[in-house]
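Report on the following structure.
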Amino acid sequence: MLRMFSYIHTYKRAAIIALLLMLIELAVELVQPLFMARIIDDGIMQEDFSVVAKWGGVLIGLSLLAFAAGITNSFFAAHASQGVGHDVRRDLFANVQSFTRANFHNFSTPTLITRMTNDVIQIQNVLFMGLRIALRAPLFIIGGMVMAFIVHATLALLLLIAVPLLLLFLFWILTQGVKLFRLVQHKLDDVNTVIRENLANVRLIKGFNRGHYEASRFERINTYLKEKNKHALWMMEVAMPVVMLGMNAVIVIILWVGAVELNMGSAQAGEIVAVINYATRIMFTFSVFTFLIMTFSRGKASAHRIEAVLQEEGEKEDAPTAVKPPIAGSIQFEDVSFSHFSHQANGLNHITFQAEQGETIGILGETGSGKSSLLHLVPRLLKPTHGRILIDNTDTAEMSMDHLRKNISLVPQEAHLFSGTIEENIGWGKEDAESADIMAAAKMAQIHTFITTLPDGYQTRLGQKGVTLSGGQKQRLSIARALVREPKILMLDDSTSALDAHTEARLLTELNEQQCTVLIVAQKISSLQAADRIIVLHNGEIIAQGAHSTLLKESAYYQKIYHSQQSGEVM
Amino acid sequence: MRKSSSSQSFNHPHRRHQGIGTPSPTVHNMKATLLRIWGYMEGEKRLFWFVVAIIAISSILSLLGPYLLGMAVDQVIADPETDTLVTMAVLLMTNYLLHSVSLWLQNYWMIGIAQNTVYHMRNHLFTHLQRLPILFFQERQQGDLMSRLTNDMENVSRTLNTAVVQFTTSILTITGTLGVMLWLSPMLTVLTLTIVPVMYYGMKWITKRTGRFFKQQQSHLGDVNGYVEEMFSGQTIISMFSQEERVKAEFAEKNKALCDAAYWAQTYSGFIPKLMNMLNNISFAIIVGAGGILALNGFISIGVIVTFTTYSRQFTRPLNDLANQYNMILSAVAGAERVFHIIDQTEEQADETKAEPIGRMAGDVTFEEVSFAYKEGETILNNINFHAAPGETIALVGPTGAGKTTIISLLSRFYEANEGVIKIDGKPINSITRESLRSQMGVVLQDATLFNTTIRENIRYGRLDATDEEVMASAKAAYAHGFISNLPEGYETVLDADGQGISHGQRQLLSIARAMLANPSLLILDEATSSIDTVTEMKINDALKTLLQGRTTFVIAHRLNTIRFSDQILVIEGGEIIEKGIHQTLLEADGPYADLVRAQQKEDSVM
């Protein structure tokens with residue numbers, strides 16, 4: 009929460025003005041019962057109409073003043089809270105931009121989105137409230153009691169005893185309530201999870217005939233939700249009736265004591281009325297308190313979630329010693345090991361190999377053998393836990409990140425395109441890409457012909473409101489995007505899997521003609537056959553490497569795969 | 006969606022104002038929808054009326070309070086004798102006590118009613134969902150359905166909890182206060198009421214603006230949401246291409262636009278409580294000033310002034326709340342309508358009356374002149390004929406959209422054929438109950454779907470009464486045991502709904518293990534192995550060979566090498582079977598299948 013408050017520093021002028029304006033409103037509200045007492049005692053009791061008119065006029069004038077202060081406050085409070093919201097979103101977004109895969113493991117995309125939107129809005133609301141009413145409620149209670157003391161000390165003493173007790177009680181109930189509501193939220197999440205699963209898996213559930221099972225599962229968690237919800241709500245509903253009863257009892261006592269004092273001549277009627285009026289107003293403030301505590305507890309939870317993201321350390325900035333050597337494209341893995349955060353799968357053990365500039369290296373291995381990890385290590389999307397990776401004899405860890413990545417293109421397994429035109433998508437990798445470059449890359453990626461069949465050609469919009477592409481078309485666009493940067497190192501992570509055989513073959517031939525070093529992961533040996541060398545990965549280790557013909561002779565494992573794939577084809 | 010339901014329990018002016026100005030939801034038939042919700046209160050309708058009665062009582066008591074207090078003040082001032090004081094104090098305390106008790110009771114019971122009602126609605130909705138045909142889910146966006154099932158239901162729940170009580174209280178309080186004020190002093194009442202028109206026009210002026218800005222804010226928020234989602238899910242690409250700065254700059258623009266719209270929305274909505282405050286203060290001044298004059302002239306007592314100052318607040322506050330509560334109810338009714346819309350969807354056709362459960366089936370499948378169209382004129386399948394003998398493996402080959410999946414869906418009775426007959430073991434498929442049919446079928450789907458529970462439970466989904474040993478045995482058979490044991494928590498690893506933590510191929514292994522456990526007579530593999538690498542697939546193929554023994558299997562395969570040994574290959578294009586036979590004869594026939602195979606061979610010659 010503290011870190012969130014520090015954001016207000018930028019808007020401290022607006023915040024201070026808002027608070028001052030709020031104090032004006034508060035002051036007006038506080039003096040009102042005082043004037044009321046004056047009107048009753050000096051005006052009506054003394055049958056002096058001029059006093060009534062004078063103080064009545066003052067009351068209206070003060071109301072207008074408070075109104076003006078309140079309206080102006082709204083501008084400043086909104087400015088401060090929206091400004092903070094804006095800044096928090098900006099920083100969140102910027103920090104996520106430095107996130108590595110490890111960071112994304114801690115925060116999934118949906119939770120990041122929730123934090124960036126709902127949680128920030130929650131913080132904004134807390135701030136807006138804070139600048140408008142949060143201090144007002146406690147100040148009003150304090151101020152109200154002080155005023156009551158000024159009016160009549162003995163009567164006010166009753167308030168001084170009762171109000172803190174009632175506040176404590178209110179606070180206690182609400183803390184309990186907040187705890188219970190957290191449980192409700194968990195149950196609600198459970199219910200939503202089951203619904204989500206049932207929507208996503210409808211074919212499976214029908215296929216396995218599990219309708220009744222799902223229904224009874226749902227009924228069970230739905231019952232939990234109902235019960236928890238009832239308990240939480242019931243708990244909260246105890247608060248107000250009890251507090252009101254307590255406060256009303258205090259008012260009756262004030263009246264009683266007031267009557268006694270009146271009898272003794274140590275109190276005036278107007279004074280009793282004024283103290284009762286303060287008590288009533290303080291009672292109304294309690295409901296504001298309830299609201300404040302609820303808002304703050306929600307805001308606190310949101311602040312925690314936001315701070316967790318802000319504190320997450322992403323990629324570090326380049327060290328000042330980072331170098332930017334010219335890159336030709338040879339890659340060297342020196343005893344590289346890597347292990348994932350939570351599980352052993354996809355790790356790598358003591359990998360050593362070399363790829364000369366311009367070579368094409370194929371990588372083969374089963375699911376979880378570490379193929380993708382190996383590729384991701386090169387542009388430092390992952391960091392090796394042991395060993396070094398050198399490009400043209402410079403350790404990648406010592407290079408400037410930007411420089412390193414500018415020279416490498418990686419096409420991931422799942423093609424992610426952005427909403428925008430096809431041209432924008434291909435040109436994404438290179439800011440100054442000309443139409444001609446883009447078209448050349450598209451031709452190389454075997455997608456140009458398809459693009460020209462679209463009514464808007466390269467200006468066709470993709471994404472939510474645009475056309476939807478097949479998996480193969482997406483893969484080819486994503487390859488074109490990688491090619492347009494003319495990378496020195498090109499890495500394809502099983503990114504031709506959805507292409508038909510013809511297209512894939514043409515694409516691979518094109519790539520072979522490029523000057524760059526190519527690392528290609530594929531499932532089909534046929535996609536790798538032409539590679540200069542093939543590395544066979546098994547459980548994170550290189551178990552064989554060499555050209556297709558060599559491996560076919562020497563590696564039993566490779567032979568087995570080859571034959572299983574060949575058996576499907578004739579001849 | 007995450008909005009905690011805790012926001013509902015306390016009614017406070019500032020909270021209530023938040024909703025003002027947000028565009029009014031569209032409600033089609035308020036009365037009918039309310040009646041339907043009323044229908045879900047089965048068994049608690051009497052309690053509901055009782056709650057309404059208590060609300061009436063608590064409203065009266067809340068009116069009586071200030072009146073009694075005013076009277077007490079008068080008496081104390083006029084005659085500070087102990088007798089009257091005792092009477093007044095007892096009277097006041099009884100009133101306050103009853104008021105608090107009735108407040109609590111009305112909420113206690115109403116929460117019970119509301120939660121039970123929502124519970125029934127949710128259950129009904131979910132059970133109904135299970136009975137809806139597949140087509141329903143295909144035609145709708147999952148996000149929209151999700152929102153109806155969760156957000157809209159939550160909205161109904163929240164509103165039933167509080168809005169009903171609040172709305173009734175507001176109306177009763179307004180009428181009651183007005184009545185008592187008129188009775189006390191018509192003249193002072195009229196003076197108090199002078200603020201009402203000011204309030205009305207003031208609110209109208211504000212809400213006209215907030216409405217516009219809230220709409221803008223909503224659209225900008227959607228914009229930011231969409232952008233963030235797209236960028237975060239493509240984060241690898243962004244880092245890879247070093248586009249962080251560009252993306253930040255783009256985000257800054259959207260962030261600024263949202264900030265600007267939200268600034269005005271918040272500023273204007275902040276006017277509302279201030280306007281109310283001012284009007285309350287002015288009415289206070291009017292009451293005191295005018296009341297003072299009236300009191301001077303002896304028209305009213307000082308106690309009446311005290312009473313009026315409280316009443317005027319009790320009067321304006323609910324008046325101001327009414328609009329908001331009504332809006333809340335409207336939005337809940339609109340939500341309920343969206344929910345009922347789903348409940349009103351026709352269920353999957355019931356089994357024909359003569360339908361009988363089929364025992365363990367042999368797996369003899371015949372399609373006789375089967376045609377199918379979702380809508381008239383849009384034929385998906387046309388005159389499909391084939392016969393699969395028990396234990397045979399049938400491969401369906403052809404481009405996406407050719408109708409392969411539809412054939413499977415007809416066999417599973419997700420849809421009904423428009424023409425022709427499908428027979429299983431010689432019986433027309435519609436003479437078999439769906440349940441018994443599907444209990445004999447196992448499916449492994451293209452998008453390996455998993456549940457948010459442990460790996461063990463995910464596999465067990467194939468047969469709910471399977472022992473742990475059986476689960477493990479089928480995992481071994483599906484070559485999933487190896488990677489499962491490698492996970493730190495093994496079979497107890499809890500999977501995310503979106504399957505994070507394990508690879509796509511591993512997810513498919515799990516879904517194959519699940520199908521193995523089910524031990525079905527009919528097995529359906531829908532491109533099940535398409536994203537498993539060849540090495541893994543090799544293992545799987547061995548396992549599948551065992552699995553296929555004695556089961557009729559339909560394979561929708563992407564890669565032709567996996568189906569070479571199929572007993573029949575059906576080449577499907579444009580909803581028709583354009584070729585069928587076994588691998589060798591189809592090759593010799595040199596037709597479309599041979600073309601496809603040649604395409605794969607060519608790839609070798611190129612390399």
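The listed protein sequences correspond, in order, to chains E and H. Per our numbering: the first sequence = residues 9 to 579. Per our numbering: the second sequence = residues 6 to 612. Idealized CB from N, CA, C, for every residue including glycine.
Practice problem: Please go through the same chain and pick out, in chain order, the residues whose beta-carbon is closer than 6 Å to the beta-carbon of histidine 394 (chain E), but skip the five residues on each side of it. | Solution: Position 386 of the first sequence, counted from the first residue, corresponds to residue 394 (chain E). Answer for histidine 394 (chain E): Ser345, listed in chain order.
Practice problem: Please state if the CB of isoleucine 577 (chain H) and the CB of isoleucine 568 (chain H) are separated by a distance shorter than 8 Å. | Solution: Looking up residue 568 (chain H) in the second sequence gives position 563. Looking up residue 577 (chain H) in the second sequence gives position 572. Not a contact, by the Cβ cut-off of 8 Å.
Quiz prompt | Beta-carbon proximity list for leucine 134 (chain H), same chain, < 8 Å, skipping 5 on both sides | solution = Taking the second sequence and counting its residues from 1, one reaches residue 134 (chain H) at position 129. Cβ neighbours of leucine 134 (chain H) beyond the five flanking positions: Leu154 and Ile347.
Practice problem: Indicate whether the contact test is met: 3 or more Cβ pairs, each with one atom in the region 195-207 of chain H and one in the region 282-291 of chain H, closer than 8 Å. | Solution: yes
Quiz item: According to DSSP, what are the bridge partners of arginine 396 (chain E)?
Solution: Here residue 396 (chain E) corresponds to residue number 388 of the first sequence, with the count starting at 1. Its beta-bridge partners are E:Glu342.
Practice problem: Could you check how far apart the C-beta atoms of proline 41 (chain E) and asparagine 256 (chain E) are, in whole angstroms? I think they sit under 8 Å. | Solution: Position 33 of the first sequence holds residue 41 (chain E). Position 248 of the first sequence holds residue 256 (chain E). Contact doesn't hold; Cβ gap of about 18 Å is too wide.
Self-check item: Contact under 8 Å by Cβ, methionine 3 (chain H) with isoleucine 116 (chain H)
Solution: Lying outside 6 to 612, the shown extent of chain H, residue 3 (chain H) is not represented and no answer is given.
Practice problem: Determine the burial state of asparagine 415 (chain E): buried for a count of at least 16 other Cβ atoms within 10 Å of its Cβ, exposed for fewer. | Solution: In the first sequence, residue 415 (chain E) corresponds to position 407, counting from 1. Asparagine 415 (chain E) comes out buried.
Practice problem: Output the boundary residues of the alpha helix (DSSP H) element that contains alanine 311 (chain E). | Solution: Counting from 1 along the first sequence, the entry for residue 311 (chain E) is found at position 303. Where alanine 311 (chain E) is concerned, the enclosing alpha helix (DSSP H) stretches over 277-319.
Quiz prompt | Simplified DSSP state of glutamine 567 (chain E), which is helix, strand or coil | solution = To locate residue 567 (chain E), count along the first sequence from 1; it is residue 559. If DSSP states are grouped into helix, strand and coil, glutamine 567 (chain E) belongs with the helices.
Quiz item: What's the gap between the Cα of threonine 18 (chain E) and the Cα of asparagine 103 (chain E)?
Solution: Here residue 18 (chain E) refers to the residue found at position 10 of the first sequence. Here residue 103 (chain E) refers to the residue found at position 95 of the first sequence. Approximately 19 Å, taken between the alpha carbons.
Quiz item: What separation, rounded to the nearest whole angstrom, lies between the Cα atoms of glutamate 46 (chain E) and leucine 324 (chain H)?
Solution: Taking the first residue of the first sequence as position 1, residue 46 (chain E) is located at position 38. Taking the first residue of the second sequence as position 1, residue 324 (chain H) is located at position 319. Looking at the sequence shown, residue 46 (chain E) is not glutamate but arginine. The alpha-carbon atoms of arginine 46 (chain E) and leucine 324 (chain H) are separated by roughly 30 Å.
Quiz item: Using CA coordinates, which residue listed in E:Ala85, E:Ser71, E:Val246 and E:Ile397 is at the minimum distance from lysine 20 (chain E)?
Solution: Here residue 20 (chain E) is taken as the residue at index 12 of the first sequence, counted from 1. Closest by alpha carbon: E:Ala85.
Practice problem: Can you grab the Cα-Cα spacing for the pair glutamine 143 (chain H) / glutamate 249 (chain H), in whole Å? | Solution: Along the second sequence, one-based indexing puts residue 143 (chain H) at 138. Along the second sequence, one-based indexing puts residue 249 (chain H) at 244. Using only the alpha carbons, I get a separation of about 37 Å.
Quiz item: What distance in whole Å lies between the Cβ atoms of alanine 61 (chain E) and glycine 294 (chain H), which are believed to be in contact at a cut-off of 8 Å?
Solution: Numbered from 1 along the second sequence, position 289 holds the residue referred to as residue 294 (chain H). Numbered from 1 along the first sequence, position 53 holds the residue referred to as residue 61 (chain E). Contact flag correct, Cβ pair sits at about 7 Å.
Exercise. Taking only beta-carbon positions, decide if arginine 144 (chain E) is within less than 8 Å of chain H.
Key: Taking the first sequence and counting its residues from 1, one reaches residue 144 (chain E) at position 136. No, because no Cβ of chain H sits closer than 8 Å to the Cβ of arginine 144 (chain E).
Quiz prompt | Per-residue DSSP class, three states only, for glycine 554 (chain E) | solution = Here residue 554 (chain E) refers to the residue found at position 546 of the first sequence. Residue state, collapsed to three classes: strand.
Quiz prompt | Nearest-angstrom Cβ-Cβ length linking serine 503 (chain E) and valine 386 (chain E), presumed shorter than 8 Å | solution = Here residue 503 (chain E) is taken as the residue at index 495 of the first sequence, counted from 1. Here residue 386 (chain E) is taken as the residue at index 378 of the first sequence, counted from 1. Actually they do not touch by this definition, with Cβ atoms about 15 Å apart.
Quiz item: On the premise that phenylalanine 226 (chain E) lies in contact with valine 202 (chain E), defined as a C-beta separation below 8 Å, what is that separation, rounded to the nearest angstrom?
Solution: In the first sequence, the residue the question calls residue 202 (chain E) occupies position 194. In the first sequence, the residue the question calls residue 226 (chain E) occupies position 218. Confirmed, about 5 Å.
Quiz item: If you drop the 5 nearest sequence neighbours on each side, which residues of the same chain put their C-beta closer than 7 Å to that of glycine 308 (chain H)?
Solution: For the purposes of this step, residue 308 (chain H) is identified with residue 303 of the second sequence, where counting begins at 1. Excluding sequence neighbours, glycine 308 (chain H) sits near Gly75, Met76, Val78 and Asp79.
Quiz item: Going by alpha carbons, who is nearest to alanine 76 (chain E) out of E:Phe115, E:Asn401, E:Val36 and E:Arg413?
Solution: Numbered from 1 along the first sequence, position 68 holds the residue referred to as residue 76 (chain E). Cα-wise, what sits closest to alanine 76 (chain E) is E:Val36.
Quiz item: If you measure from the beta carbon of threonine 174 (chain H) to each beta carbon in chain E, is any gap under 8 Å?
Solution: Indexing the second sequence from 1 puts residue 174 (chain H) at position 169. For threonine 174 (chain H), the answer is no, since every Cβ of chain E falls outside 8 Å of its Cβ.
Quiz item: Whose C-beta lies closer than 6 Å to the C-beta of glutamine 13 (chain H) among residues of the same chain, with five residues either side of it excluded?
Solution: As a first step, residue 13 (chain H) must be located in the second sequence, where it is residue number 8. Caution is warranted here: a pLDDT of 31 is assigned to glutamine 13 (chain H), below 50, making its placement in the model unreliable, and the coordinate value is therefore given only provisionally. Within the same chain, glutamine 13 (chain H) has close Cβ partners Arg163, Asn166 and Thr167.
Quiz prompt | Contact check, tyrosine 268 (chain H) vs isoleucine 211 (chain H), beta carbons under 8 Å | solution = Locating residue 268 (chain H) in the second sequence gives position 263, where the first residue counts as 1. Locating residue 211 (chain H) in the second sequence gives position 206, where the first residue counts as 1. Their beta carbons are not under 8 Å apart, which means tyrosine 268 (chain H) does not touch isoleucine 211 (chain H) by this criterion.
Quiz item: Could you give the distance in angstroms between the alpha-carbon of serine 224 (chain H) and the alpha-carbon of tyrosine 124 (chain H)?
Solution: For the purposes of this step, residue 224 (chain H) is taken as residue 219 along the second sequence, with counting starting at 1. For the purposes of this step, residue 124 (chain H) is taken as residue 119 along the second sequence, with counting starting at 1. When rounded, the distance between both Cα atoms is 33 Å.
Quiz item: Does the beta carbon of serine 408 (chain E) come closer than 8 Å to any beta carbon on chain H?
Solution: Here residue 408 (chain E) corresponds to residue number 400 of the first sequence, with the count starting at 1. False, the Cβ-Cβ gap to chain H never drops below 8 Å.
Quiz prompt | Neighbour list for arginine 98 (chain E) in chain H, Cβ cutoff strictly below 7 Å | solution = Here residue 98 (chain E) corresponds to residue number 90 of the first sequence, with the count starting at 1. Per Cβ cutoff of 7 Å: Ala257 and Asn260.
Self-check item: Close Cβ partners of glutamine 222 (chain H) (< 8 Å) along its chain, the five nearest in sequence each way excluded
Solution: The count along the second sequence starts at 1 and reaches residue 222 (chain H) at position 217. If we look at glutamine 222 (chain H) and ignore the five residues flanking it on each side, its Cβ neighbours are Leu263, Ala266, Ala267 and Ala270.
Quiz prompt | Nearest candidate by alpha-carbon position, reference proline 71 (chain H), set E:Leu536, E:Ile259, E:Tyr221 and E:Leu67 | solution = Within the second sequence, the letter at position 66 stands for residue 71 (chain H). For the residues E:Leu536, E:Ile259, E:Tyr221 and E:Leu67, the minimum Cα distance to proline 71 (chain H) belongs to E:Ile259.
Quiz prompt | Cβ shell of histidine 160 (chain E) (< 7 Å), same chain only, five flanking positions each side left out | solution = For this step, residue 160 (chain E) is matched to residue 152 along the first sequence. If we look at histidine 160 (chain E) and ignore the five residues flanking it on each side, its Cβ neighbours are Ala275, Glu279 and Val283.
Quiz item: Would you say the region 117-133 of chain E touches the region 297-310 of chain E, given that touching needs at least three Cβ pairs under 8 Å?
Solution: yes
Quiz item: Terminal residues of the continuous alpha helix (DSSP H) containing valine 326 (chain H)?
Solution: Translated into the one-based positions of the second sequence, residue 326 (chain H) becomes position 321. Per the sequence presented here, residue 326 (chain H) reads as aspartate, with valine not at that position. First-last of the alpha helix (DSSP H) with aspartate 326 (chain H): 307-348.
Quiz item: Closest to glutamate 666 (chain E) by CA distance: which of H:Gln147, H:Gln171 and H:Asp157 is it?
Solution: Since the displayed chain E opens at 9 and closes at 579, residue 666 (chain E) lies outside it and no answer follows.
Quiz item: Do the CB positions of glutamate 497 (chain H) and threonine 458 (chain H) come within less than 8 Å of each other?
Solution: Your numbering for residue 497 (chain H) matches position 492 in the second sequence. Your numbering for residue 458 (chain H) matches position 453 in the second sequence. No, these two residues do not count as a Cβ contact at 8 Å.
Quiz item: What is the DSSP secondary structure of histidine 546 (chain E), reduced to helix, strand or coil?
Solution: Working through the first sequence from its first residue, we reach residue 546 (chain E) at position 538. DSSP places histidine 546 (chain E) in strand when its eight states are reduced to three.
Quiz prompt | Classification of leucine 100 (chain E) by the beta-carbon crowding that lies within 10 angstroms, buried from 16 upward | solution = Locating residue 100 (chain E) in the first sequence gives position 92, counting from the first residue. Answer is buried; the Cβ neighbour count reaches 16.
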